[in-house]
Every structure is written in C-alpha cells, then in structure tokens.
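**Student:** Those letters in the sequence shown? Residues 4 to 133, per the working numbering, in order. From the three backbone atoms N, C-alpha and C, an ideal C-beta is built for every residue, glycine too. First the structure, then my questions, so here it is.
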Amino acid sequence: MTIKWETMRTATDKLADYKHAKLQWLNTERDRLISAGINHNGFRFQTRDKDVADLMGVIQVAQLAPSITTRWLTEDNVEVEMDLPQLQALGIAVAQHKTYLVYRCREHKDAIAELQTLQAVDDYLASLEW
Numbered sequence: 004m005t006i007k008w009e010t011m012r013t014a015t016d017k018l019a020d021y022k023h024a025k026l027q028w029l030n031t032e033r034d035r036l037i038s039a040g041i042n043h044n045g046f047r048f049q050t051r052d053k054d055v056a057d058l059m060g061v062i063q064v065a066q067l068a069p070s071i072t073t074r075w076l077t078e079d080n081v082e083v084e085m086d087l088p089q090l091q092a093l094g095i096a097v098a099q100h101k102t103y104l105v106y107r108c109r110e111h112k113d114a115i116a117e118l119q120t121l122q123a124v125d126d127y128l129a130s131l132e133w
C-alpha cells in the first residue's frame, strides 16, 4: 500500500505552506525595491548594497574636510556636485527608504498571517501597495 502524503495534509497545512511561500516572495520584493534606487532632489540615485556602502564611505571621508565638495553619480551617470550636508541628506534619504520598506513589509506579513484562506491571501497580494 502506498500512502500519498499530499492527500493527508490538512487545509491548514496547505494554507501555512502557501503563506510561507508568499512571505518569502514579500522578502524578495522588499529587497528588490530597496535596491531599485530612490529619487532625491530631482535625481535618481542607486541604492544597491555597494552603492550605499560607497555613499556612507564618502560621507565619512567628507566629514574630515567638510568644506570640500564631491561629485556623486546618479543612476543615469549624471555627475551631481554635493557638499557634506547634501551627501548627508542623500544618506538619510537612502536610510529612510530602506526603513520604510522594511516596516511596510512587516505590516504586510502581519496582515497575511491573519488571513484564513488561500483566496484571501491572493486577494490581499493582488491589491498590495508599498
């Protein structure tokens, strides 16, 4: 006799697995959005991990010589001259962008955890807004 374990799974088990998969998708989407860049002062800047690390490094160095300006590249390679306060403002904007998405993702996960059917999960995700 062959036991088909899939047929023995309850609707609750299937819903839990489905929610888990959707939560993983949310994490992936959150990370994609974090790295997708931001608009700041009329320019689009990159926000991949390397870009953020480079920006934080430039801000630290600029603090040693605050009267010096530097050029920072936008997403489409336009050079923008920035002084220390402008670099810091960009760094803050990048941090706020990430923080917003992390907490918004948490809200979505909490909402999905409360849903009781596969259809309710699908409906929630269909109207998802970041």
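Got a sec, what are the start and stop residues for the alpha helix (DSSP H) W133 sits in?
**Tutor:** Locating residue 133 in the sequence shown gives position 130, where the first residue counts as 1. No alpha helix (DSSP H) holds W133; DSSP gives it neither H nor E.
**Student:** Could you pull the start and end residues of the beta strand (DSSP E) that R47 belongs to?
**Tutor:** The residue labelled residue 47 in the question sits at position 44 within the sequence shown. Taken as a continuous stretch (DSSP letters only), the beta strand (DSSP E) holding R47 covers F46 to F48.
**Student:** Taking the alpha-carbon of H111 as reference, which of D125, P88 and T73 has the nearest alpha-carbon?
**Tutor:** Residue 111 sits at position 108 when you count from the first residue of the sequence shown. Among D125, P88 and T73, the Cα nearest to that of H111 is on D125.
**Student:** Quick one: what's got a C-beta closer than 7 angstroms to Q49's C-beta in the same chain, skipping five residues either side?
**Tutor:** Numbered from its first residue, the sequence shown carries residue 49 at position 46. Cβ within range, chain order: G40 and E78.
**Student:** Just grab the DSSP bridge partners of T73 for me.
**Tutor:** Translated into positions along the sequence shown, residue 73 becomes position 70. Looking at the DSSP assignment, T73 forms a beta bridge with M85.
**Student:** Compare the C-alpha of A92 against each of L26, W75 and T5 and name the closest.
**Tutor:** Against the sequence shown, residue 92 aligns to sequence position 89. That would be W75, whose Cα lies nearest to the Cα of A92.
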